[in-house]
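In our numbering, the protein residues as written are 16 to 355.
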């Protein structure tokens, strides 16, 4: 029996670029990102603020301002070219195929409408059902995301809910029209630690229950390892390392990824112990340095790092990194054998 060909990715971005224009000079916020996502898979986009993670998510849904953002490359979701979608197709695509959980749900909800009505309206528009059916769906989702006194809470305005409850309502809204892809833009950042854990566990449970493909944006390595199958580390608009979650965390190959891992506060709460840091600051995206954008902050940088943007090189069987100092695994093994 022949082996069936692998299924096409549900989401695929090829050489994705995003330039913001209209200021003193154009700013390239996303620079040649290649990203794929299979059905039922969770990919974490990891990096500092300003690395292009959230802009990448918004480009996938065409949420960026058309007059000020120039999107290049190609984006295919569920077999459709996102750039070619007309206005009505795009409205159905948002929510019906791809949905987003925003970082601050208090800003995502309309403050003058009841939360339940906003969710019911989305269901009515996408599924063409009655308002009664839309409200019933909203109640079902409120109960599923464990909002207490769900029926009463449907009539709350956003400001009448706590931060954690608003985020649960935001998750309910994102799932209302049964999307295939969920984009989560740092959904736990604005919450306290206890609520963060609750929301992460809820998202992981819902992802498995509904078979969702998820892109999860975070700057927290602990969160990424908790939820993701694969990790893509972004710096200055590029993915500098990507691969299997365990592989990237246990054997990080790019100096930036290693710096992020070293800067964690795990097990360093001893008097006199200093936290490791990455020197310097992220570069100005409107005036990037030549070659590798991380080179000015990298302790291992050599003159060749400024010669050009590094290509991806294999770091292991399941992950790659953009670093000219990275030797292919076969060469590294040969060097270790010779040294022995």
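Yeah, the Cβ is synthetic: ideal placement off N, Cα and C, and Gly gets one too.
- A distance below 8 Å separates the beta carbons of residue 112 and residue 196.
- Excluding residues up to 5 positions away in sequence, 169, 170, 171, 172 lie with their Cβ nearer than 8 Å to the Cβ of residue 129 in the same chain.
- For secondary structure counted as the alpha helix (DSSP H) over 4 or more consecutive residues, the stretch 159 to 237 holds these complete runs in sequence order: 165 to 168, 178 to 190, 208 to 225.
- Two segments are said to touch when three or more pairs of C-beta atoms, one from each, lie closer than 8 Å; by this definition the stretch 98 to 107 does not touch the stretch 264 to 282.
- The shortest CA-to-CA distance from residue 302 to any of 39, 240, 257, 152 is the one to 39.
- In this structure, 198 is the residue among 220, 198, 241 with its C-alpha nearest to the C-alpha of residue 229.
- Following the DSSP letters along the chain, one finds residue 108 in no beta strand (DSSP E) but inside the alpha helix (DSSP H) bounded by residues 102 to 111.
- Going by beta carbons, residue 36 and residue 70 fall outside the 8 Å limit.
- Taking C-beta atoms as the reference points, residue 76 and residue 123 fail to come closer than 8 Å.
- Taking the CA atoms as reference points, residue 244 sits about 10 Å from residue 262.
- Nearest C-alpha to residue 222 among 80, 34, 33, 54: 54.
- A residue is called buried once 16 or more other Cβ atoms fall within 10 Å of its Cβ, and residue 174, having fewer, is exposed.
- For residue 335, the closest alpha carbon among the candidates 254, 296, 74, 133 is that of 254.
- Note that the C-beta distance between residue 66 and residue 277 is not below 8 Å.
- By the CB criterion at 8 Å, residue 307 and residue 325 fall inside the cutoff.
- Among the bridge pairs identified by DSSP, residue 91 is matched with 27, 96.
- Residue 28 sits close to residue 48, with the two beta carbons spaced by under 8 Å.
- Put simply, the backbone Cα of residue 162 is about 12 Å away from that of residue 217.
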